Amino acid sequence: MTLSKVVLTAAEAVADIPTGASLAVGGFGLCGIPAALIDAIDQQGVSHLEVVSNNCGTDDAGLGILLSAGRLDRVTASYVGENKEFARQYLTGELEVELCPQGTLAERLRAGGMGIPAFYTPAGVGTPIADGGMPWRHGQDGSIAVASPAKETRDFNGAEYVLETAITADFALVHASVGDTHGNLAFAKASSNFNPLCAMAGRTTIAEVETLVEPGELDPEAVDLPGVFVQRVVAVGHTGKHIEKRTTRIVDKDT
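Just so we're on the same page, our numbering is the position in the sequence shown counted from 1, plus 71.
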């Protein structure tokens with residue numbers, strides 16, 4: 072009996088993701104995104120996907136690829152980011168968007184992975200986050216077609232808190248710097264922000280890794296996420312990183 076969770080290609084790793092599936096997708100901006108897995112899903116052609124991610128990539132990279140191809144029906148994220156197509160689809164009613172405070176989004180994913188159904192937080196109290204009415208989907212005329220519901224609030228020691236529910240997803244897609252064949256993962260720098268949380272929240276978690284090693288080669292103290300949360304591992308090598316927003320300036324050579 073083998074404990075290996077390795078699959079040979081990204082296409083094989085995502086082959087059973089069906090139309091209409093929910094996906095928790097790791098990464099922060101374009102840092103640490105599972106680019107190979109996203110590309111494989113795009114080539115597979117599934118649609119009507121519901122995505123939970125910190126943001127939706129850019130117009131030509133990351134989840135923006137699936138968005139531009141019309142494969143996403145709903146996105147739960149903390150901000151729109153550097154993606155004009157995301158904003159266009161949201162404002163024209165083509166895409167349903169649930170905006171969530173970044174820290175709350177992180178905790179909702181963690182709670183989902185830990186089996187905690189809900190939690191109270193002060194973030195959003197006294198705003199449409201708690202009171203409801205935020206436009207999840209617009210009508211073609213710009214009206215609000217679907218609005219967020221009001222959430223339960225409760226007083227603790229004289230302070231008001233809002234109840235937030237946990238997030239789980241059918242599949243989680245994450246990118247790790249190093250992983251072993253049992254699914255233990257190590258993340259690099261800023262990619263540690265949402266990749267571990269998304270991995271915990273997925274019922275089936277698929278990890279693309281730059282470097283694949285055998286069990287025991289990864290220092291236990293370097294493991295950021297234990298393999299119990301991971302069902303599939305695929306080695307993709309270094310996929311590179313797009314620059315989200317390039318800023319340049321003219322340099323005076325005489326100074």
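Ideal placement from N, C-alpha and C gives every residue a C-beta, glycine not left out. None of the values given here were measured: they were computed from a predicted structure.
- Remark: C-beta atoms of Ala293 and Val249 approach each other more closely than 9 Å.
- The residues Leu166, in chain order, have a CB closer than 6 Å to that of Gln160 in the same chain once the five nearest residues on each side in sequence are set aside.
- With a beta-carbon spacing of about 7 Å, Ala177 and Phe265 fall inside the 8 Å limit used to define contacts.
- Asn228 counts as exposed, since fewer than 16 other beta carbons sit within 10 angstroms of its beta carbon.
- DSSP, reduced to helix, strand and coil, places Tyr161 within a helical segment of the structure shown.
- Boundaries of the beta strand (DSSP E) harbouring Pro206: Pro206 to His209, taken from the DSSP string.
- DSSP places Thr275 in the uninterrupted beta strand (DSSP E) bounded by Gly273 to Val284.
- For Asp226, the enclosing beta strand (DSSP E) begins and ends at Thr224 to Phe227.
- For a cut-off of 8 Å, the C-beta gap from Cys127 to Gly152 is around 7 Å, short enough to register as a contact.
- Three or more Cβ pairs drawn from the stretch 173-193 and the stretch 230-240 lie within less than 8 Å of each other, which places the two stretches in contact.
- The Cβ-Cβ distance between Asp130 and Glu169 does not fall below 9 Å.
- Ile112 carries a helical assignment under DSSP once its states are collapsed to helix, strand and coil.
- For Arg179, the enclosing alpha helix (DSSP H) stretches over residues Gln173 to Met185.
- Counting along the chain, Asp251 sits inside the beta strand (DSSP E) bounded by residues Ala240 to Asp251.
- 9 Å or more divides the Cβ of Thr252 from the Cβ of Ser139.
- The shortest C-alpha to C-alpha distance from Thr90 to any of Leu180, Gln114, Ala81 and Ser118 is the one to Ser118.
- For Thr163, same chain residues with a beta-carbon under 8 Å away, outside a window of 5 residues either side, are His209 and Gln211 in chain order.
- In its chain, beyond the 5 residues on either side, Ser118 and Leu120 have a beta carbon closer than 6 Å to the beta carbon of Arg142.
- Under DSSP, Ile215 takes part in a beta bridge, and its partners are His209.
- When secondary structure is reduced to three states using DSSP, Leu166 falls in the coil class, being assigned neither helix nor strand.
- Counting along the chain, Ser93 sits inside the beta strand (DSSP E) bounded by residues Ser93 to Val96.
- When C-alpha distances from Ala216 are compared across Lys222, Ala106, Trp207 and Ser262, the shortest belongs to Trp207.
- Annotated three-state conformation of Val151 is coil, per DSSP.
- Per DSSP, Ala306 is one residue of the beta strand (DSSP E) stretching across Arg303 to Ala306.
- In the three-state scheme derived from DSSP, where H, G and I count as helix and E and B as strand, Glu288 is classed as coil.
- Annotated three-state conformation of Cys102 is strand, per DSSP.
- Residue nearest to Arg145 within the set Ser93, Thr175, Ala107 and Gly204 is Ser93 (criterion: CA-CA distance).
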